[in-house]
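One structure is given below, encoded as structure tokens.
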Amino acid sequence: MRALELTVSYVIFFFVFLEISRKLKKGAAGLQYAQDNAHFATEESFEASPELAEAVRRVRSPAVILLNKYALNVTFNYLCNVASYPDVTKRLLIFAFDWTAASSIRSAFPDVTVLYWPSKPFSKKFRGGEPPYQFFQLFRARLAAFLSTKTEGFWMIQTDTIWRKNLFKVIDLNMHLSKGQNLLFDKDGLNSPMVAGGYFYAGPGVKTQRFFQNLAVALETYFLTDNTIMTQLCVAEYEGNKCAYIPFRTMTNWRWESTDRSFIADFLQYDGGMNQEGKMKALQKIGADFVDSSSLGPTKKPKCNEWKSKNPERAISEEVLLRETDRRNGPIDVFWSLFRSASDAVFAQYPSLEKFMIYYIYPYYGFYLAI
Numbered sequence: 001m002r003a004l005e006l007t008v009s010y011v012i013f014f015f016v017f018l019e020i021s022r023k024l025k026k027g028a029a030g031l032q033y034a035q036d037n038a039h040f041a042t043e044e045s046f047e048a049s050p051e052l053a054e055a056v057r058r059v060r061s062p063a064v065i066l067l068n069k070y071a072l073n074v075t076f077n078y079l080c081n082v083a084s085y086p087d088v089t090k091r092l093l094i095f096a097f098d099w100t101a102a103s104s105i106r107s108a109f110p111d112v113t114v115l116y117w118p119s120k121p122f123s124k125k126f127r128g129g130e131p132p133y134q135f136f137q138l139f140r141a142r143l144a145a146f147l148s149t150k151t152e153g154f155w156m157i158q159t160d161t162i163w164r165k166n167l168f169k170v171i172d173l174n175m176h177l178s179k180g181q182n183l184l185f186d187k188d189g190l191n192s193p194m195v196a197g198g199y200f201y202a203g204p205g206v207k208t209q210r211f212f213q214n215l216a217v218a219l220e221t222y223f224l225t226d227n228t229i230m231t232q233l234c235v236a237e238y239e240g241n242k243c244a245y246i247p248f249r250t251m252t253n254w255r256w257e258s259t260d261r262s263f264i265a266d267f268l269q270y271d272g273g274m275n276q277e278g279k280m281k282a283l284q285k286i287g288a289d290f291v292d293s294s295s296l297g298p299t300k301k302p303k304c305n306e307w308k309s310k311n312p313e314r315a316i317s318e319e320v321l322l323r324e325t326d327r328r329n330g331p332i333d334v335f336w337s338l339f340r341s342a343s344d345a346v347f348a349q350y351p352s353l354e355k356f357m358i359y360y361i362y363p364y365y366g367f368y369l370a371i
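Position one of the sequence shown corresponds to residue 1 (the UniProt record's numbering), numbered consecutively onward.
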């Protein structure tokens, strides 16, 4: 009996060791990928681009989108979603990482400012937890640092989001930043202290630049998710930066689907672990097909579903939005949902643990637990 117990213990230990080894190798690969490709995302390269200089001269407070050709259909759907809102498309600044994405959007939506920004690291499909995603976060952080002193403030947004209203009308920056804050982030959950990071507004200035420069250094040094470092920097009020938050009832993310859905936000993010094809199918399934699916394809020019595009708030039945879906989140999302829900409950009972977790656990260990 003793021998059997020892054998079982050794087997368990062996599999735990293999899992730890797998996670460490995956983390090392992601970090190495970001470091090897960091030269594609220097502030000097942004400074040297006359096209970018002209774009930020014309669009003084842009809403920035980053994409490659694999996100085109979701992006077309988003552009049809916001087409009826005054001036939204004119505020968009899209960084297209391949010619297919750049030329397709320019042809279908000529009012949108599109920068062709060829980048080999983004030439293939990728998702959260994979090596290119670490570099994607680094690129975004360095771009944010650059834009902090070149614009009058900017938004960083994602196209996997249903806009039931005009973001720039709903979010009153004077109100949200009324206590001296210069950064505005979406929230990870209804009662969560964490930044989600899919959407944020950054006010102009050197201290904002330093915030994102510090974020970039962390992303080039550790394998982690940028939202955990942004949360850490916000709590620390790093370099005098102060953060405000978009209420979860105004803008949700994938965690909303695991709640009781007692409300419908104005902005519904379909982020999380699904790939772009999965996101598009999920949006179509609930009636959020703002683009005519028959007009999508390599040789086609996308067309908007006219009625839905003109009536985004009424395009999707509230009954459909409120009922439970059969959407399947990725394993990373499932883990984070359980982990964050448990953490929120613990913080409610022991508030002193919150800062410790935000400073020392989430940033440096959380992603390893999830991948």
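In this text, a Cβ means the ideal position worked out from N, Cα and C, and glycines have one as well.
CB contact flag (residue i, residue j, <8 Å)
i, j, result
"Gln134", "Tyr199", "no"
"Ala141", "Leu219", "yes"
"Asn182", "Asn241", "yes"
"Leu115", "Val59", "no"
"Phe267", "Trp163", "yes"
"Glu239", "Lys187", "no"
"Ser309", "Asn68", "no"
"Phe154", "Pro62", "yes"
"Val56", "Leu79", "no"
"Pro363", "Leu224", "yes"
"Ala83", "Leu177", "no"
"Gln232", "Ile358", "yes"
"Val64", "Asn166", "no"
"Trp254", "Asp271", "yes"
"Ile264", "Gly287", "no"
"Ala145", "Met156", "no"
"Glu152", "Pro86", "no"
CA nearest to the CA of residue i, picked from the options
i, options, result
"Gln269", "Ala101, Arg127, Leu92, Thr161", "Thr161"
"Pro193", "Lys281, Ser343, Phe40", "Ser343"
"Gly129", "Thr7, Gly205, Asp226, Asp36", "Asp226"
"Gln137", "Glu354, Trp99, Met230", "Met230"
"Gly297", "Glu277, Arg314, Pro62", "Glu277"
"Asn73", "Trp307, Gly205, Glu313, Asp292", "Asp292"
"Glu54", "Phe122, Lys150, Thr75, Glu44", "Lys150"
"Ala108", "Gln232, Val88, Pro302", "Pro302"
"Leu215", "Pro204, Gly205, Cys234, Trp117", "Cys234"
"Lys279", "Ser295, Asn77, Pro50", "Asn77"
"Gln213", "Trp307, Ala315, Thr42, Lys120", "Thr42"
"Arg210", "Lys285, Ser294, Glu237, Gly197", "Glu237"
"Ser262", "Gly197, Glu318, Leu353", "Glu318"
"Ser119", "Phe97, Pro110, Phe126, Lys125", "Phe97"
"Phe95", "Phe122, Ala71, Leu66", "Leu66"
"Trp117", "Lys90, Ala48, Arg91", "Ala48"
"Asn275", "Arg127, Ile171, Leu353", "Arg127"
Buried versus exposed, by CB contacts within 10 Å (16 or more), residue i
i, result
"Ser148", "buried"
"Ala320", "The displayed chain sequence assigns Val, not Ala, to residue 320. By the 10 Å Cβ count, Val320 comes out exposed."
"Gln32", "exposed"
"Asp289", "buried"
"Asn174", "exposed"
"Thr299", "exposed"
"Leu99", "Here the sequence assigns Trp to residue 99, which means Leu is not the residue at that position. Result: exposed."
"Ala348", "exposed"
"Thr221", "exposed"
"Phe356", "exposed"
"Gly27", "buried"
"Trp307", "exposed"
"Tyr201", "buried"
"Gly180", "exposed"
"Arg22", "exposed"
"Pro50", "exposed"
"Pro110", "exposed"
"Tyr350", "exposed"
Any non-hydrogen atom of the ligand MN closer than 7 Å to residue i Cβ
i, result
"Glu239", "Absence of the ligand MN from the depicted structure is noted, as is the absence of any ligand whatsoever, leaving it without description."
One or two residues paired with residue i in a DSSP bridge
i, result
"Val195", "Lys187"
"Phe267", "Trp163, Met251"
"Cys243", "Leu183"
"Phe95", "Leu66, Leu115"
"Tyr362", "Answer is none; Tyr362 lacks a bridge partner."
"Trp155", "Ala63, Tyr201"
"Cys234", "According to DSSP, which records beta bridges pairwise, Cys234 is partnered with nothing at all."
"Val206", "Partner(s): none; Val206 has no beta bridge."
"Cys304", "Val291"
ask   = Touching or not, the region 30 to 50 and the region 87 to 105, by the rule of three or more beta carbon pairs under 8 Å?
value = No, the region 30 to 50 does not touch the region 87 to 105.
query = If you pair each beta-carbon of the region 179 to 193 with each one of the region 234 to 250, do three or more pairs fall below 8 Å?
reply = Three or more beta-carbon pairs drawn from the region 179 to 193 and the region 234 to 250 are found closer than 8 Å, and the two stretches are therefore classed as touching.
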